[in-house]
Structure formats: structure tokens, C-alpha cells
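*Asks:*
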Amino acid sequence: MDIRYATNPEDARGYDTEELRRRYLLDAVFVPGEIRLTYSHQDRVVLGGAMPLGAELTLDPDDALRTDHFCERRELAVFCVGGRGTVRVDGAVYELDRADLLYVGRGSRDVAFGSADPAAPARLYLFSTPAHQSHPTTVVREGDVAPVELGTPDGANVRTLRRYVDGTLVRSCQLMMGYTTLAPGSVWNTMPAHTHVRRTECYLYFDLPPEARVIHLMGELDRTRHLVMRNEQAVISPSWSVHSGAGTADYSFVWAMAGENYDFTDMDHVAMDELR
Numbered sequence: 015m016d017i018r019y020a021t022n023p024e025d026a027r028g029y030d031t032e033e034l035r036r037r038y039l040l041d042a043v044f045v046p047g048e049i050r051l052t053y054s055h056q057d058r059v060v061l062g063g064a065m066p067l068g069a070e071l072t073l074d075p076d077d078a079l080r081t082d083h084f085c086e087r088r089e090l091a092v093f094c095v096g097g098r099g100t101v102r103v104d105g106a107v108y109e110l111d112r113a114d115l116l117y118v119g120r121g122s123r124d125v126a127f128g129s130a131d132p133a134a135p136a137r138l139y140l141f142s143t144p145a146h147q148s149h150p151t152t153v154v155r156e157g158d159v160a161p162v163e164l165g166t167p168d169g170a171n172v173r174t175l176r177r178y179v180d181g182t183l184v185r186s187c188q189l190m191m192g193y194t195t196l197a198p199g200s201v202w203n204t205m206p207a208h209t210h211v212r213r214t215e216c217y218l219y220f221d222l223p224p225e226a227r228v229i230h231l232m233g234e235l236d237r238t239r240h241l242v243m244r245n246e247q248a249v250i251s252p253s254w255s256v257h258s259g260a261g262t263a264d265y266s267f268v269w270a271m272a273g274e275n276y277d278f279t280d281m282d283h284v285a286m287d288e289l290r
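In the numbering used here, the protein residues as written are 15 to 290.
Structure below.
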């Protein structure tokens with residue numbers, strides 16, 4: 015498990031491109047036949063990917079957690095980015111199609127991932143947070159989620175947002191997750207930008223053509239920085255950082271949050287003339 019320590023905005027002002035990428039970018043989320051995880055001290059989230067081939071991949075505990083099993087004191091969300099996958103939780107098997115999600119409650123002991131077709135392996139995005147109580151393991155299908163239409167063609171930000179884990183369809187301790195899809199011809203996400211100092215937010219960009227890129231904005235609102243990101247890469251946004259981006263083509267992204275406040279609408283909006 016890769017370890018990323020928390021950073022403060024004053025330090026980040028001096029980071030060059032390589033240092034920004036080393037601290038905030040997850041370069042290879044999906045590796046065939048592996049589970050790749052990163053532990054961030056930003057709200058102690060764990061994020062990464064599983065790409066099972068012929069054999070199941072077992073989610074084992076790591077010394078960074080110092081627990082007997084991964085979900086002993088954690089909750090977990092599994093989002094199927096592509097392919098068809100299975101998640102086995104304490105003997106029960108859950109099948110996930112593309113854009114389905116499984117919430118795994120705290121206290122679940124045995125978690126493993128598989129692919130319905132090893133020739134077209136599932137790509138399962140994992141996001142986990144500490145949890146102080148247990149909630150039921152629950153499947154959410156894409157069709158279960160009411161879409162919210164946002165943006166305008168003039169703003170090049172027409173997009174559809176779906177909230178999977180936010181206390182409505184699925185109750186969790188602090189984990190929130192959903193995904194957003196941009197319409198053809200739209201490129202901007204989350205602009206005007208916002209921060210929420212009570213939560214860390216992470217993005218996984220996907221559905222990008224191989225040659226396309228997203229210019230992801232982060233940093234303090236008056237000292238923004240950027241990362242150039244390709245398909246199926248993830249980024250950690252500290253609570254003090256804006257998080258927004260524009261692509262060279264339309265795309266989708268999974269957003270996931272953790273922190274003190276469980277209110278989805280708790281955001282500090284940033285006026286356009288405040289951005290620098």
C-alpha cells in the first residue's frame with residue numbers, strides 16, 4: 015500500500031510539477047491481476063483499484079491499518095468502472111455491471127473481487143474511510159439513482175450527476191460517493207469551483223479516449239495549480255484545495271468524499287473573480 019502524508023497549503027505553494035504529481039496523483043489505478051491501494055492521511059482515506067483476471071483477488075489487511083481484516087474499522091465502496099465484476103463479502107456474492115456500486119459495511123471480514131469474463135476483466139474502483147458504526151452491505155444499480163442534470167451548453171458544462179452513497183439510498187458513516195458524466199461537447203466539471211474544509215474529495219477520471227487529457231485544477235483559490243491527467247487516473251484533493259477540471263474531450267468521473275460533515279451541500283463556493 016502506498017502511503018501519502020497530509021499536506022498544508024503553505025507547503026504546496028512551492029511544489030513543482032513532479033512533487034504535485036507524487037503527492038496527489040494516482041498514476042496506475044487498475045493493474046491486471048492486482049489490487050493497488052493508496053493510504054492518504056487526508057481524512058485517512060484509502061483508494062485504489064482491483065482488476066481481477068482468472069482468480070479472485072482478496073482484500074487483505076495492510077500494516078498501515080494494523081487490523082485483522084480490512085473492514086474491521088472501515089467502510090468501503092466498490093464502483094464498477096468497466097467490465098462485469100463480482101464482490102464476495104463474507105460468503106455472499108454480489109454481481110456488478112458497469113456503473114453499479116456496492117457499499118460494504120464496517121465489520122465485514124472477508125472481501126474478494128472477481129471478473130465475470132477474465133478476457134474482459136472488471137475494473138473496480140475502491141474507496142474506503144474509517145467508520146464508527148456498521149451499516150448494511152448494499153448494492154446500488156445505476157438505474158436506482160435519480161439523475162440530476164446540471165450546467166448549460168454555453169458554459170460547456172452540461173453534465174449528469176448521480177449520488178449513490180449520501181445518506182438516502184445508502185446510509186454510511188462518513189463515506190460519500192457518486193459519479194458525473196459530461197455531455198458531448200462539454201468539458202468543464204465543478205466550475206465555478208468550491209472547497210469544503212470539512213471534507214477531502216477524490217476524483218477518478220474515466221471514459222476518456224486514449225489521446226485525451228483532463229487539466230485538473232487544484233490548490234488554494236488564489237494560488238491554483240494543475241495536473242495533466244489521462245484516462246483512469248485518480249487525484250486526491252485536500253480539504254483546503256479547489257477541485258475542478260476541463261478535458262480535451264467529454265468524460266466521466268467518480269467523486270468520493272470523507273470528513274467531518276455528512277451534508278452533501280456543505281460547500282464554500284468560489285466566485286470566478288476570486289480564482290487566480
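By construction, the Cβ of each residue, glycine as well, lies at the ideal position given by its N, Cα and C atoms.
Apart from the five residues just before and just after A270, which ones in its own chain have a Cβ nearer than 6 angstroms to its Cβ?
*Replies:* Closer than 6 angstroms at the Cβ level, and outside the excluded window around A270, lie F141, M191 and C216.
*Asks:* With which residues is Q247 paired in a DSSP beta bridge?
*Replies:* The partner list for Q247 (beta bridge, DSSP) reads Y219.
*Asks:* Can you give me the Cβ contacts of C94 inside the same chain, cut-off strictly under 7 angstroms, excluding the 5 residues immediately before and after it?
*Replies:* L110, D111, R112, A113, D114, A136 and L138.
*Asks:* In the DSSP assignment, find the beta strand (DSSP E) that holds A270 and state where it starts and stops.
*Replies:* Here the beta strand (DSSP E) through A270 covers S266 to G273.
*Asks:* If you draw a straight line from the alpha carbon of R50 to that of H283, how long is it in whole angstroms?
*Replies:* Rounded to whole angstroms, R50 to H283 spans 33 angstroms at the Cα level.
*Asks:* Short of 6 angstroms in beta carbon distance, which residues of its chain neighbour L90, apart from the five on each side in sequence? Order them along the chain.
*Replies:* Here the set comprises V118 and S142.
*Asks:* Consult DSSP for C94 and reduce its assignment to one of helix, strand or coil.
*Replies:* DSSP places C94 in strand when its eight states are reduced to three.
*Asks:* Quick one: measure Cβ to Cβ for R18 and R37, integer angstroms, because I've assumed they're closer than 8 angstroms.
*Replies:* Right, the Cβ-Cβ distance comes to about 6 angstroms (below 8 angstroms), so this counts as a contact.
*Asks:* DSSP puts G47 in a beta bridge; with which residues?
*Replies:* None; G47 has no bridge partner.
*Asks:* Cα-Cα, which of P206, D74, E48 and G28 is closest to T166?
*Replies:* That would be P206, whose Cα lies nearest to the Cα of T166.
*Asks:* State yes or no: is the C-beta of D104 within less than 8 angstroms of the C-beta of D124?
*Replies:* Contact: yes.
*Asks:* Going by beta carbon distance, what residues of the same chain come within less than 8 angstroms of D158, once the five residues before and after it are set aside?
*Replies:* So the qualifying residues of the chain are L183.
*Asks:* Among A130, D74, E86 and E70, whose alpha-carbon lies nearest the alpha-carbon of G97?
*Replies:* Of the listed residues, the one whose Cα sits closest to G97 is A130.
*Asks:* Verify whether the separation of the beta carbon atoms of L79 and G62 is less than 8 angstroms.
*Replies:* No, the Cβ-Cβ distance between L79 and G62 is not below 8 angstroms.
*Asks:* Check this for me: beta carbons of N245 and L218, under 8 angstroms apart or not?
*Replies:* It is not a contact, given that the beta carbons lie outside the stated cut-off.
*Asks:* DSSP on F84, reduced to helix/strand/coil?
*Replies:* Of the three classes helix, strand and coil, the one that applies to F84 here is helix, per DSSP.
*Asks:* Write down the C-beta distance between N203 and S258 rounded to the nearest angstrom, noting that I regard them as a contact closer than 8 angstroms.
*Replies:* The Cβ separation is near 6 angstroms, so the contact holds.
*Asks:* Is the Cβ-Cβ distance between E274 and P23 less than 8 angstroms?
*Replies:* Not closer than 8 angstroms, so no.
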